[in-house]
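Notes to accompany the following structure.
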Amino acid sequence: MRALCIIAVLLSLSFQTSAVEPNADTRLGESARVLDWRAHQSLGIGIQHIALLLQAGPGEFFRKETLVQNGFWARLKELESKGFITVSESSMPGGNPLGDSAVSFSATAKGQAIISALKGK
């Protein structure tokens, strides 16, 4: 009997959770928009820019063609214009018969301050 009561409670909780999930998704989306807005207000860049900034580092190379296709190239150039990173473009390490450019970017002191704050350093 006790097991039956436990199963009934668990089932009712699972139905309540599934009924709440659409609202939870809406709240998560709204929270993400608020975070993006706050990042723009306080730093002048959005959370997608911050995600790119966190990838900045020496020895990391990205194909420029891929960055352009994904819309990241414009964000990188914006980060550079605002003084958060420096962008270097060169031929692919080891050569590439397709002629694609390699892009690396590193954080400036301004960008490193954000990285350190987010990583708790």
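Numbering of the sequence shown is given in numbering that gives the first Met the number 0, commencing with residue 0 and proceeding in unit increments. Built from N, CA and C at the ideal position, the CB exists for glycine as well.
Start and end residues, beta strand (DSSP E) containing residue i
{"i": "Ala-101", "result": "100 to 106"}
Residues that residue i bridges to, as DSSP identifies them
{"i": "Val-67", "result": "Paired residue(s): none; Val-67 is not in a bridge."}
{"i": "Ser-87", "result": "Ser-103"}
{"i": "Phe-61", "result": "Val-102"}
Contact check, residue i vs residue j, beta carbons under 8 Å
{"i": "Thr-65", "j": "Thr-85", "result": "no"}
{"i": "Ser-100", "j": "Glu-88", "result": "yes"}
{"i": "Leu-27", "j": "Ile-46", "result": "no"}
{"i": "Glu-59", "j": "Ser-90", "result": "no"}
{"i": "Lys-109", "j": "Phe-83", "result": "yes"}
Check: residue i C-beta below 7 Å from any heavy atom of the ligand ZN
{"i": "Val-33", "result": "The ligand content of the structure shown is nil, which means the ligand ZN is not present either."}
Supposed close pair residue i, residue j - CB separation, criterion 8 Å
{"i": "Gly-56", "j": "Ser-105", "result": "6 Å"}
{"i": "Arg-74", "j": "His-48", "result": "5 Å"}
Residue span of the alpha helix (DSSP H) that contains residue i, given as start and end
{"i": "Ala-50", "result": "46 to 52"}
Counting Cβ pairs, one atom from each stretch, are 3 or more of them under 8 Å apart for the segment 112 to 120 and the segment 51 to 69? With a cut-off of 8 Å, the segment 51 to 69 and the segment 112 to 120 count as touching, because enough Cβ pairs lie within range.
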